[in-house]
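Numbering (UniProt numbering), first residue to last: 1 to 108.
Heads up, the beta-carbon is just placed ideally off N, CA and C, and yes, glycines get one too.
Just so we're clear, the structure is a prediction, and the values are computed from it rather than from any experiment.
One structure is given here, and the rest of the page talks about it.
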């Protein structure tokens, strides 16, 4: 078992460093964007139509560096409806500010 894990680690991490490093950079970049948005929300600015690129990366794109939407069926029309919905944006802002299970339930 130990040998199999060692081989798997070597295959996934050591032999594919370029993929791991690329994923890590995408993760850091997107995490930094979320942190900047959190600072804006904290200062009272909030999300707006000007944040469509961020919202698209967070909610719509297949992969954003942190998560993949997998088999999501979110259409562009639905995405546009969501980002124009004040209740949706308010719940998302709460979740960005305090990412806990309670706010996730409200958002989800």
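Check whether the Cβ of residue i lies closer than 8 Å to any heavy atom of the ligand GTP, and answer yes or no.
i: residue 11; result: Absence of the ligand GTP is noted for the structure shown, with no ligands found whatsoever.
Along the chain, where does the alpha helix (DSSP H) that runs through residue i open and close?
i: residue 9; result: 2 to 9
i: residue 106; result: 101 to 107
i: residue 80; result: 76 to 84
i: residue 12; result: No alpha helix (DSSP H) contains residue 12, which DSSP labels as neither H nor E.
Roughly how many whole angstroms lie between the Cα atoms of residue i and residue j?
i: residue 30; j: residue 99; result: 16 Å
i: residue 151; j: residue 73; result: No statement about residue 151 is possible, as the shown extent of the chain runs from 1 to 108 and does not include it.
i: residue 13; j: residue 1; result: 18 Å
Which residue's Cα is closest to the Cα of residue i: the options?
i: residue 33; options: 22, 103, 47; result: 47
i: residue 81; options: 101, 52, 95; result: 52
i: residue 95; options: 35, 24, 11, 75; result: 35
i: residue 59; options: 77, 23, 44; result: 77
Exposed or buried, residue i, counting other C-beta atoms within 10 Å across all chains shown (16 or more means buried)?
i: residue 149; result: Missing from the structure shown is residue 149; the chain here goes from 1 to 108 and no further.
i: residue 55; result: buried
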